[in-house]
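S.K.:
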C-alpha cells in the first residue's frame, strides 16, 4: 500500500519513535498519546482491518500480543497493568486502515473505555 502511513513507517520512509522491531512487527510511540505509555504495535505486512484477517494470520496476531508483553516489561508497566486495544473500522475509532494494537499504561484505566 503506497499511501498507507504505517506501511511507510515500517519501510523507513517516515520517521517514528521506534522502540521495538523484528522481521514481523514494529512498535512505535503514538503521536497523540492517551496515557503516559501509548505505543502502537503494527505488523510490517499491510492488513487493513481485523475483518481482513485470514486463518494464516493467527500466529501474527499472537506474536503482536507477545510483543506487547515484552514492551510492557521494557516500559516498566507490566506489573502495574496495561491495556491493549484493536479498533476495527471507523465506527470503532480506527483512523489508519492498517491493523494496529494500541498498548496503553502508566495510569489507571477506566471501564467501560467509552
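Residue numbers (our numbering): 923 to 1036. The C-beta atom is built at its ideal place from N, Cα and C for all residues, glycine as well.
1) Between residue 1013 and residue 957, is the Cβ-Cβ spacing less than 9 Å?
2) Check whether chain B comes within 9 Å of residue 1001, counting only Cβ atoms and requiring the distance to be less than that.
3) Could you spell out where the beta strand (DSSP E) holding residue 950 opens and where it closes?
4) Buried or exposed: residue 963, going by 16 or more other Cβ atoms within 10 Å of its Cβ?
5) Using DSSP's beta-bridge definition, name the partner residues of residue 961.
M.R.: By the coordinates alone:
1) For the purposes of this step, residue 1013 is taken as the residue at position 91 of the chain shown. For the purposes of this step, residue 957 is taken as the residue at position 35 of the chain shown. Their beta carbons are not under 9 Å apart, which means residue 1013 does not touch residue 957 by this criterion.
2) Any reference to chain B falls outside this structure, which holds one protein chain only.
3) Your numbering for residue 950 matches position 28 in the chain shown. Residue 950 -> beta strand (DSSP E) spans 947-951.
4) Translated into positions along the chain shown, residue 963 becomes position 41. Label assigned to residue 963: buried.
5) Looking up residue 961 in the chain shown gives position 39. Bridge partners of residue 961: 951 and 1025.
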